[in-house]
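S.K.:
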Amino acid sequence: MKRTIKTEAVVLRKSMLSNRDAVVTLFSKETGKVRVLAKGIKKITSRRLPHVQTANLINCVLYKKDERFFLQETS
Numbered sequence: 001m002k003r004t005i006k007t008e009a010v011v012l013r014k015s016m017l018s019n020r021d022a023v024v025t026l027f028s029k030e031t032g033k034v035r036v037l038a039k040g041i042k043k044i045t046s047r048r049l050p051h052v053q054t055a056n057l058i059n060c061v062l063y064k065k066d067e068r069f070f071l072q073e074t075s
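In the UniProt record's numbering, the protein residues as written are 1 to 75.
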């Protein structure tokens with residue numbers, strides 16, 4: 001399986017982890033329902049925060065490492 005996946009997904013839920021990180025639940029045709037770690041999402045300079053709101057349809061790039069997904073890009 002590829003390490004990076006480009007997909008169109010719907011944001012189902014967002015849970016804050018720490019001061020800067022969040023776990024986002026996404027649903028897409030390629031991956032199904034998946035939990036993604038979004039590192040640095042709550043930083044004041046983060047450009048990904050407005051995209052990752054509940055019920056948004058986003059284009060994203062996910063990075064898979066050791067059975068975990070990380071959010072790399074959104075638009």
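Beta carbons are placed, not taken as given, at the ideal position from N, Cα and C, and that holds for glycine. The structure presented is a predicted model; accordingly, all values stated were derived computationally and were not measured.
Start and end of the beta strand (DSSP E) containing L49?
M.R.: Note, L49: premise wrong, no beta strand (DSSP E); not H, not E.
S.K.: Throw me the rounded Cβ distance for the V11 and V24 pair, which I believe falls under 8 angstroms.
M.R.: V11 to V24, Cβ: 6 angstroms. Contact.
S.K.: Using a Cβ-Cβ cutoff of less than 7 angstroms, which residues in the same chain neighbour T7 once the five nearest sequence positions on both sides are dropped?
M.R.: The residues are S28, E30, T31, C60, L62.
S.K.: So for R68, helix, strand or coil by DSSP?
M.R.: R68: strand per DSSP, three-state reduction.
S.K.: What is the rounded straight-line gap between the Cα of R48 and the Cα of I5?
M.R.: If you take the alpha carbons of R48 and I5, they lie about 17 angstroms apart.
S.K.: Anyone know if the C-beta pair for R20 and K42 falls short of 7 angstroms?
M.R.: The answer is yes: Cβ separation under 7 angstroms.
S.K.: Whole angstroms is fine: what's the gap from K39's alpha carbon to V52's?
M.R.: Approximately 12 angstroms between the Cα atoms of the pair.
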